[in-house]
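Read top to bottom, the protein sequences are chains A and B.
Just so we're aligned, residue 2 is where the first sequence starts under this note's numbering, counting upward by one.
Just so we're aligned, residue 2 is where the second sequence starts under this note's numbering, counting upward by one.
All C-beta atoms in this analysis are idealised placements derived from N, C-alpha and C, irrespective of residue type, glycine included.
2 protein chains.
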Amino acid sequence: MRSEILEILRRAGDKYISGEEIASRLGVSRTAVWKHIRELREAGYEIVSQSRSGYSLREAPDRLLPSEIQHGLDTQCIGCQIEAHEVVDSTNNVAKQLAAAGAAEGTVVVAEQQDGGKGRLERHFFSPAGKGIWFSVILRPAFLPQEAPKCTLLAAVAVARAMETFGLKAGIKWPNDILYENKKLVGILTEMSAEMDGINYIIIGTGINVNILPEDFPEDIRQTATSLAIMKGEKIPRVRFFQAVLRAMDDLYASVRTGDFEPVMQEWKKYSITLGQEVRVIGVRDGEVFTGRAADIDADGALLVDTADGRRRVLAGDVSIRPRQ
Amino acid sequence: MRSEILEILRRAGDKYISGEEIASRLGVSRTAVWKHIRELREAGYEIVSQSRSGYSLREAPDRLLPSEIQHGLDTQCIGCQIEAHEVVDSTNNVAKQLAAAGAAEGTVVVAEQQDGGKGRLERHFFSPAGKGIWFSVILRPAFLPQEAPKCTLLAAVAVARAMETFGLKAGIKWPNDILYENKKLVGILTEMSAEMDGINYIIIGTGINVNILPEDFPEDIRQTATSLAIMKGEKIPRVRFFQAVLRAMDDLYASVRTGDFEPVMQEWKKYSITLGQEVRVIGVRDGEVFTGRAADIDADGALLVDTADGRRRVLAGDVSIRPRQ
Chain A
2 MRSEILEILR
12 RAGDKYISGE
22 EIASRLGVSR
32 TAVWKHIREL
42 REAGYEIVSQ
52 SRSGYSLREA
62 PDRLLPSEIQ
72 HGLDTQCIGC
82 QIEAHEVVDS
92 TNNVAKQLAA
102 AGAAEGTVVV
112 AEQQDGGKGR
122 LERHFFSPAG
132 KGIWFSVILR
142 PAFLPQEAPK
152 CTLLAAVAVA
162 RAMETFGLKA
172 GIKWPNDILY
182 ENKKLVGILT
192 EMSAEMDGIN
202 YIIIGTGINV
212 NILPEDFPED
222 IRQTATSLAI
232 MKGEKIPRVR
242 FFQAVLRAMD
252 DLYASVRTGD
262 FEPVMQEWKK
272 YSITLGQEVR
282 VIGVRDGEVF
292 TGRAADIDAD
302 GALLVDTADG
312 RRRVLAGDVS
322 IRPRQ
Chain B
2 MRSEILEILR
12 RAGDKYISGE
22 EIASRLGVSR
32 TAVWKHIREL
42 REAGYEIVSQ
52 SRSGYSLREA
62 PDRLLPSEIQ
72 HGLDTQCIGC
82 QIEAHEVVDS
92 TNNVAKQLAA
102 AGAAEGTVVV
112 AEQQDGGKGR
122 LERHFFSPAG
132 KGIWFSVILR
142 PAFLPQEAPK
152 CTLLAAVAVA
162 RAMETFGLKA
172 GIKWPNDILY
182 ENKKLVGILT
192 EMSAEMDGIN
202 YIIIGTGINV
212 NILPEDFPED
222 IRQTATSLAI
232 MKGEKIPRVR
242 FFQAVLRAMD
252 DLYASVRTGD
262 FEPVMQEWKK
272 YSITLGQEVR
282 VIGVRDGEVF
292 TGRAADIDAD
302 GALLVDTADG
312 RRRVLAGDVS
322 IRPRQ
């Protein structure tokens, strides 16, 4: 109902629409309309009213509300269902529960704040209220589990594309960190439930530092984290940025789900700051360390590193780019 | 308490032990002992009593009770926790919930019957009451998701070893079917929850057709399924067979968890009826069909097939052995 009222107000543009007209169009009482308008105002919508002419929408809040995100989104799959929360422990955990209960492919879970946000390797992920986009997407590709990393690369490319539409040049560090001046802008954590013959579901969790200011970051990550607002020098409208990310994901996934990973791979390479560099790799599980030149990625998203002992294929690991001597 | 009473009766062998002695050893009332004895009898234990001398255990039921399975099991990891059910939809589903809630590695879920037993590729798995061993094991190896198939091969080898201790020669068809006269004895379904950098948990679900008779099988699988009892020509004690499987899993996993997959691979090859054969492979997802000679498996458990166009690596697929012309 609220989104229908919003739609009527939006279509009216600058014109006022009476409560009576809204009530009759939606087949509800004027009191019901008035109650919904009050709730919308409480949710941050600036709706002005004049006693004779009715209501007019002046400004929508930059809050991650399903009605705002879906307004004009126009995607085929990603974001067709959106579940929004004020605070969750982690959107990945909420999405996992939804996925296990049968949620449709493309379902998005987003929160204003995470109080247990997590990154790769059980690291904490700082996710303060109202200053970022913390979200998870449920996918159900007809992949083998071995191909799941493709979705991680896809997510990084989608954010990079969205940045480009806002005039920001993204640099992707393998596999999926997005950096600016060597500080982290975006974190991605992909999780899956799978059998050996196929994937039940993949959850792509993405955290985008949008309007976090330097002083907002806890001290321990102030030297290693940054935000889109810091990069651009001004606040970024979160809803519009989020829409750009979801549209890019939708477009890229349309290829990937049919088995064509080439577009993601090509675009990933375009944004890559890892390829061509001397890198130091630390094995995630065994702690083994080696160095070499990051030569390419392969069709599964693995990083190919040319070392003194030959080419090595890195499926998981911490990769740091070595400063040129 | 029940397992403590059983332990006292077992240690007594053929001798009778008075209710009073049991009560005083365990620090409970004679009435409590009598109630537990009654429950044990209801659970199928044959406990005889004489008015003067007390109780004696004549026979334990061949039921998959934790106390029976754990009695003398002596494993390091697998089976340290056992949860037994009369009927579940599928032991994999129960195990997944336990694993997500933090259950310890090695936890086993077993049921007398599954009413929604499932095999690979969402196929139904026939799991009638009391005639098989339908169980799932929770593992938490420090693997990459790509290595998960190792656990599937491990499970097949464990059952093959257990069969050998019962004088039965197992033939493993890649990756994990155990066949006798080209009919299926055992089905294994491995599922996992993972991030790209590591596995949260693996569930190995195993269904062993133990004492199913030919006429017990539904008509649609009568030509393709068989049982250990049919193979041996007599009933197999389920508890003892299950213990042999859990011990073999425990032994094999002790190597695998430290990164040494070689013992499993060597033993898998010993039992393999696929290697060296002309095979027909149907891709699980794309439906592509090709033929060739099954040459080897690699360190990830993939099947290597030499085709007219060169060697191909099969990670998932339906493999059938072609009769020699």
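{"Check": "Please check if any C-beta of chain B sits within less than 8 Å of the C-beta of residue 150 of chain A.", "Outcome": "yes"}
{"Check": "For the segment 110 to 179 of chain A, which segments carrying the alpha helix (DSSP H) assignment without a break, of at least 4 residues, lie completely within its bounds, in sequence order?", "Outcome": "150 to 166"}
{"Check": "With which residues is residue 291 of chain A paired in a DSSP beta bridge?", "Outcome": "A:282"}
{"Check": "Note down the Cα distance separating residue 298 of chain A from residue 305 of chain A, rounded to an integer number of angstroms.", "Outcome": "6 Å"}
{"Check": "Closer than 8 Å by C-beta to residue 237 of chain B: which residues in its own chain qualify, once you throw out the five before and the five after it? Chain order, please.", "Outcome": "167, 211, 212, 229 and 230"}
{"Check": "On the CB-based measure, 16 or more other CB atoms within 10 Å of its CB, does residue 261 of chain A come out buried or exposed?", "Outcome": "exposed"}
{"Check": "Mapping DSSP to helix, strand and coil, what is residue 272 of chain B?", "Outcome": "helix"}
{"Check": "Give a yes or no on contact between the segment 197 to 207 of chain B and the segment 275 to 292 of chain B, applying the rule of three or more CB pairs nearer than 8 Å.", "Outcome": "no"}
{"Check": "Give me, in chain order, the residues of the same chain whose beta-carbon lies closer than 8 Å to that of residue 192 of chain A; leave out the 5 immediate sequence neighbours on both sides.", "Outcome": "93, 97, 203, 204 and 206"}
{"Check": "By the DSSP assignment, the alpha helix (DSSP H) with residue 37 of chain B in it spans what residues?", "Outcome": "31 to 43"}
{"Check": "Taking Cβ positions only, does residue 197 of chain B come closer than 8 Å to chain A?", "Outcome": "yes"}
{"Check": "Quick one: does residue 285 of chain B have its CB under 8 Å from some CB of chain A?", "Outcome": "yes"}
{"Check": "Strictly by DSSP, which residues pair up with residue 308 of chain A?", "Outcome": "A:311"}
{"Check": "For the alpha helix (DSSP H) containing residue 193 of chain B, name the first residue and the last one.", "Outcome": "Element bounds for residue 193 of chain B: not the alpha helix (DSSP H) but the beta strand (DSSP E), 184 to 196."}
{"Check": "Classify residue 292 of chain B as buried or exposed, calling it buried when 16 or more other Cβ atoms lie within 10 Å of its own Cβ.", "Outcome": "exposed"}
{"Check": "Could you name the residues of the same chain whose beta carbon sits closer than 7 Å to that of residue 321 of chain A, not counting the 5 residues immediately before and after it, in chain order?", "Outcome": "280 and 281"}
{"Check": "Rounded to the nearest angstrom, how far is the Cβ of residue 161 of chain A from that of residue 272 of chain A, given a contact under 8 Å?", "Outcome": "4 Å"}
{"Check": "Kindly indicate which residue of A:136, A:312 and A:127 has the alpha-carbon position closest to the one of residue 108 of chain A.", "Outcome": "A:136"}
{"Check": "Buried or exposed: where does residue 49 of chain A fall if 16 or more other Cβ atoms within 10 Å of its Cβ makes it buried?", "Outcome": "exposed"}
{"Check": "What is the DSSP secondary structure of residue 75 of chain A, reduced to helix, strand or coil?", "Outcome": "coil"}
{"Check": "Out of B:240, B:183 and B:275, which one is the CA nearest neighbour of residue 134 of chain B?", "Outcome": "B:240"}
{"Check": "Should residue 57 of chain A and residue 15 of chain A be called a contact, given that it needs their Cβ atoms to be closer than 8 Å?", "Outcome": "yes"}
{"Check": "Is there contact between the segment 179 to 189 of chain A and the segment 98 to 117 of chain A, where contact requires at least three CB pairs shorter than 8 Å?", "Outcome": "no"}
{"Check": "Apart from the five residues on each side of it in sequence, which residues of its chain come closer than 7 Å, Cβ to Cβ, to residue 315 of chain B?", "Outcome": "282, 303, 304 and 306"}
{"Check": "So if I threshold CB-CB distances at 8 Å, which residues from the segment 151 to 162 of chain A count as touching chain B?", "Outcome": "153"}
{"Check": "For residue 317 of chain B, go through chain A and note every residue whose CB falls closer than 8 Å to its CB, in chain order.", "Outcome": "145, 197, 198 and 199"}
{"Check": "Please report how far the alpha carbon of residue 324 of chain B lies from the alpha carbon of residue 71 of chain B, in whole angstroms.", "Outcome": "43 Å"}
{"Check": "What does residue 216 of chain B touch in chain A if you count any residue whose Cβ is under 8 Å from its own?", "Outcome": "Within chain A, no residue comes near residue 216 of chain B; the closest Cβ sits about 32 Å away, beyond 8 Å."}
{"Check": "If the cut is a Cβ gap below 8 Å, which residues of chain A does residue 121 of chain B touch?", "Outcome": "196, 197 and 198"}
{"Check": "Following a CB-centred definition, is residue 271 of chain B positioned closer than 7 Å to any heavy atom of the ligand ADP?", "Outcome": "For the ligand ADP, the structure offers nothing, since it holds no ligand at all."}
{"Check": "Starting from residue 6 of chain A and walking both ways along the alpha helix (DSSP H), at which residues does that stretch end?", "Outcome": "3 to 13"}
{"Check": "Can you list, in chain order, the residues of its chain with a C-beta nearer than 6 Å to that of residue 329 of chain A? Leave out the 5 residues immediately preceding and following it.", "Outcome": "Shown here, chain A extends from 2 to 326; a query on residue 329 of chain A therefore has no answer."}
{"Check": "By a C-beta neighbour count over all protein chains shown, 10 Å radius and 16 as the cutoff for buried, is residue 174 of chain A buried or exposed?", "Outcome": "buried"}
{"Check": "Using a Cβ-Cβ cut-off of 8 Å, state whether residue 259 of chain B counts as contacting chain A.", "Outcome": "no"}
{"Check": "Excluding the 5 residues flanking residue 147 of chain A on each side, which residues of the same chain have their C-beta closer than 7 Å to its C-beta?", "Outcome": "301"}
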